[in-house]
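Protein sequences, first through last, are from chains A and B.
Heads up, the first sequence stops at 531 in numbering that gives the first Met the number 0, and the numbers go up one at a time, no gaps.
Heads up, the second sequence stops at 337 in numbering that gives the first Met the number 0, and the numbers go up one at a time, no gaps.
Built from N, CA and C at the ideal position, the CB exists for glycine as well.
Reviewing the structure listed below.
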Amino acid sequence: MIAFATLLERLLFTQGRNDKIRLLRQFFETQPDPDRGLALAAIAGELHFATAKAGLIRDLAAARTDPTLFALSYDFVGDLAETVALIWPGAATNAPPPSLPEVVEALNLTPKPRLPALVAGWLDATDAGTRLALLKLITGGLRVGATGRLARVALAEFSQGRAAADASPRILPDDIEEVWHSLAPPYLPLFAWLEGHADRPDPATAPVFRPPMLAHPLEPEDIPTLTPAILRAEWKWDGIRVQLVATPGGRRLYSRGAEDISAAFPEILEAMNFEAVLDGELLVIRGGTVAPFADLQQRLNRKTVTAKLLADHPVAVRLYDQLFDGAEDLRPLPFDARRARLEAWFARTSPARMDLSELIPFATLEDLAALRATAREAAIEGLMLKDATSPYLPGRPKGKWWKWKRDPLTLDAVLLYAQRGHGKRSGSYSDYTFGLWKGDELVPVGKAYFGFTDAELAWLDRWIRNHTTARFGPVREVEKSLVLEVAFDGAQRSTRHKSGVALRFPRISRLRPDKPAAEADRLEALERLIPK
Amino acid sequence: MTAPHPDTWLTPLPAGLYCAPADVFIDPVRPVPRAVITHAHSDHARPGHEAVLASPATLALMRARLGDGAGRSQQPLAWGERLTVGDATLFLQPAGHVLGSAQVAIEYRGARAVISGDYKRQPDVTCDPFTPIPCDVFVTEATFALPVFRHPPAAGEIAKLLASVRLFPERTHVIGCYSLGKTQRLIALLRQAGWDEPIYMHGALAPMCAIYEAHGIPLGELRPATVAAKKDLVGRIVLAPPSAIADHWARRLAEPVVCMASGWMRVRQRAKQGGVELPLVISDHADWQELNRTIDEVGAPEVWVTHGSEDALIHEIAKRGIRGRPLRLIGYGEEDGS
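Structure, rendered in structure tokens:
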């Protein structure tokens, strides 16, 4: 538990992605099983304890501390778990600090009435840093700025260090991704494989996630490199990218970030009465018309859905690629061949709640530019351009798939800080500072306080309160994980902003909770919009 | 005849705490004719007093920092040496805060008040340890007077730092620390932990280190960071004032890991606020337990609180029958970063 607490503390304070990976890798190298696997599960958000909640912690603190001193301390510290961790008076005990496996097992097995005494005993036997790790583990939400994906990258590096001596092929993060969803904490077969003691865990027929092929934004300098004859064009649909996995082992709907979102979309799961792995866009479609993204948003981030929501916001998947047909892996095939297979499969299967994303005919790059310029339908973000000869390659291979967005004056930025508004918004966090990537850091580029609906404001406010990592008076710093699409009228150089760029008339055009923060835009993308 | 209560002869005035029978101010915040100075931090030792009484080390530090402003006449007073000033008697004992830091004990007609200045109880080889003085009124600071503040043993924090240096050997660890006290204590702690490498420093930290060494506190090899090449700083530990770390100055360092040594680092929000990557909870001040233990040891029935979280401390000691009084002195707690 102590090593885990130390890891969490270092992750929290470490900004650079590579440094976080290094910390994780060192942890995997030095910690035994099953400790490291449980820590991995905690960081990847795969540990949940049904009975332990924040109220328990509040009650424990009230029983052990002077209420006046607790109130003054909470006021100063600003976070309940941290206040309790720091103020906990301790009691004489000879008990050693609990190990992480002990904690996880006990939280799973202990009946609710016996939890307070158990947790109090642990708090007595640990130091402040370990107490905080314990309390955060219990309440969920470690908030240390590390994701499952980051952990899998660290696992791949860890494996490389272990296997350096022999000639076995390198294990890549995507290789781990392909088995991840068939494994469970504490991931003993995974570590054995990564350390070269065992073969790759066989996902067999488990419905695992396959790393998707991603597109590069098309920049003006890229256009001359395109060869129209081998390009295929589709509309870039304004929904969220999903992967449908149906195998004899089960059915899953994954977001692009490998998150299992099956529970939120039961009607899609129901329609997956086939054996295939498909790539497509999840959209709200009413009477054949794609609804605005805001409608889809109603369906996102829900653990369960009501019958009314299912009826009012019906979703469908617009398919654009096929990774598996039955057990046959189609990914090595070129795009054109996969497309033919997809069309044949679709004709044969005619699945409910799905259609095909049409290929748009064109002859020249000028045709494409004109198509992009005239695409005004709300559900279309621009064009996707795909190399007809390319296999389905995980990650973001250069020059294979391009996204050519319609309106250049929007950016996908990451929410950094939120401030309480004034007047009728004085109770809500309605003033948002957002940033773009520069190297592997996020730099603030602007502030926006309108552009969203009241419902979106309520959602944002709740998100901010649940993801606060620091408070400075009226300002909250949040976990750097929420992507906001920011629209603006222009950009110019500014010496007043740390980024060196000021936005004109910025507003929040969309919330993108589905998009990983790592894929938000880079500062260079904004700099290119500045008139010379 | 009972002794007159110290509140009849020791008074908080805008310029500072004033002792009428001795006609002196203790740590005045504006220039006065006669001042007793507890320690050389700039919020306690201000320039421009006529006569200054302090420990010999404090006077040496004040001369180095303030030059001509260190007082027209300066009188050193050794630990425990009793001195009659006007109708009162006065002596100094170490406070354990920084080199030369003193508590001021004043006796008048059978009553004794002790003004402790800033103090700590954790071991520190760079200054003499705090000596409790029984008294009727104890004047204390309250910088960390909340039960959330419990400073861990400093050696453990140094171990954390050295583990990070091993994990990131290609980076420079730069520690924000104030020039007087924290810097030298950190160096001494690093030496105790076996770090024999040269320690690099921002130019602003060097003069105080020289005075510590002149007072018999060895600091090992110190090198200026300002003239060193970036490659020479790889894997090194660099000390700098907190203001320099966020500044252009830090660009000379190789991928710096920003560390900060302060009691405030116990609270994560405080640490994250300054962009700190490695917080080190190392403080010059007493934590909650040290404050309470010290108040019990001096046995004063009445405790006056100069600055900090006085509400919590006064609430706590009231439960033990000790009367607390907030002085709400303005102007302290600004320099030392705690």
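{"Item": "Unbroken stretches of the alpha helix (DSSP H), 4 residues or longer, contained in the stretch 431 to 478 of chain A", "Value": "453 to 465"}
{"Item": "Chain A contact residues for A270 (chain B), given Cβ-Cβ distances below 8 Å", "Value": "F12"}
{"Item": "V226 (chain B), buried or exposed, once every other Cβ within 10 Å from all chains shown has been counted against 16", "Value": "exposed"}
{"Item": "Residues that DSSP places opposite W401 (chain A) in a beta bridge", "Value": "A:H215, A:L384"}
{"Item": "S163 (chain B) - DSSP class collapsed to helix/strand/coil", "Value": "helix"}
{"Item": "Cut-off 6 Å between Cβ atoms - residues of its own chain near H180 (chain A), not counting five sequence neighbours on either side", "Value": "V207, F208"}
{"Item": "Proximity test, Cβ basis, 9 Å: R88 (chain A) and chain B", "Value": "Arg is not the amino acid found at residue 88 (chain A); the sequence shown has Pro there. Yes, P88 (chain A) lies at the interface with chain B (some Cβ there is under 9 Å from its Cβ)."}
{"Item": "Through-space distance from L133 (chain A) to A4 (chain A), alpha-carbon basis", "Value": "8 Å"}
{"Item": "Distance, R199 (chain A) Cα to C176 (chain B) Cα", "Value": "50 Å"}
{"Item": "Residue of B:G79, B:E80, B:V84, B:W78 minimising C-alpha distance to A50 (chain B)", "Value": "B:V84"}
{"Item": "First and last residue of the uninterrupted beta strand (DSSP E) at L282 (chain A)", "Value": "275 to 285"}
{"Item": "Distance between F471 (chain A) and G77 (chain A) (C-alpha atoms, nearest Å)", "Value": "9 Å"}
{"Item": "Distance between D460 (chain A) and S425 (chain A) (C-alpha atoms, nearest Å)", "Value": "Confidence is the limiting factor: at S425 (chain A) the pLDDT is only 46, short of 50, which leaves the residue's position unreliable and the question unanswerable from this model."}
{"Item": "Inter-stretch contact at 8 Å, needing at least 3 Cβ pairs: the stretch 88 to 102 of chain A / the stretch 113 to 131 of chain A", "Value": "yes"}
{"Item": "Min CB distance G394 (chain A) to chain B below 9 Å", "Value": "no"}
{"Item": "Of the listed residues B:V304, B:C258, B:S308, nearest to L325 (chain B) (C-alpha basis)", "Value": "The residue you asked about is not Leu; residue 325 (chain B) is Pro in the sequence shown. That would be B:V304, whose Cα lies nearest to the Cα of P325 (chain B)."}
{"Item": "Proximal chain A residues relative to D295 (chain B), where beta-carbon distance stays under 9 Å", "Value": "Neighbours of D295 (chain B) on chain A: none; closest Cβ ~17 Å, over 9 Å."}
{"Item": "Straight-line gap, Y199 (chain B) to A228 (chain B) (C-alpha atoms, nearest Å)", "Value": "12 Å"}
{"Item": "Cβ neighbours of E476 (chain A) in the same chain (closer than 8 Å, five flanking residues each side left out)", "Value": "L415, Y416, T467, T468, A469, R470"}
{"Item": "DSSP beta-bridge partners of H172 (chain B)", "Value": "B:I236, B:V256"}
{"Item": "Reduced DSSP category for E106 (chain B) - H, G, I as helix; E, B as strand; rest coil", "Value": "strand"}
{"Item": "Closer than 7 Å at the beta carbon, the chain B residues around S72 (chain A)", "Value": "L145, P146, V147"}
{"Item": "Separation of Q297 (chain A) from K423 (chain A), as counted between CA atoms", "Value": "Confidence at K423 (chain A) is low in this model, with a pLDDT of 46, below 50, so the placement of that residue should be treated as unreliable; the coordinate-derived value is given next. Each residue's Cα considered, the two are about 24 Å apart."}
{"Item": "9 Å Cβ cut-off: residues of chain E touching T468 (chain A)", "Value": "Protein chains A and B are contained in the structure displayed, whereas chain E is not."}
{"Item": "Option in B:P20, B:P255, B:S100, B:G180 with minimal Cα separation from P55 (chain B)", "Value": "B:S100"}
{"Item": "Sequence-distant residues of its chain with Cβ nearer than 6 Å to V244 (chain A) (five each side left out)", "Value": "P206, R251, V276"}
{"Item": "Meets three-Cβ-pair contact criterion under 8 Å: the stretch 228 to 238 of chain B and the stretch 247 to 260 of chain B", "Value": "yes"}
{"Item": "Under the three-state DSSP convention, the category R149 (chain B) falls into", "Value": "coil"}
{"Item": "Validate contact between the stretch 393 to 404 of chain A and the stretch 479 to 494 of chain A using beta carbons, cut 8 Å, 3 pairs", "Value": "no"}
{"Item": "M200 (chain B) (DSSP reduced to helix, strand or coil)", "Value": "strand"}
{"Item": "Proximity to R108 (chain B) [Cα-Cα], best of B:V97, B:A87, B:K119", "Value": "B:A87"}
{"Item": "Classification of R322 (chain B) by the beta-carbon crowding that lies within 10 angstroms, buried from 16 upward", "Value": "exposed"}
{"Item": "Per-residue burial, A69 (chain B) [other beta carbons within 10 Å of its own, 16 or more giving buried]", "Value": "buried"}
{"Item": "Beta-carbon separation (whole angstroms), I105 (chain B) vs A21 (chain B), contact threshold 8 Å", "Value": "7 Å"}
{"Item": "Classification of T37 (chain B) by the beta-carbon crowding that lies within 10 angstroms, buried from 16 upward", "Value": "buried"}
{"Item": "Any alpha helix (DSSP H) of 4 or more consecutive residues that is wholly inside the stretch 51 to 98 of chain B", "Value": "55 to 65"}
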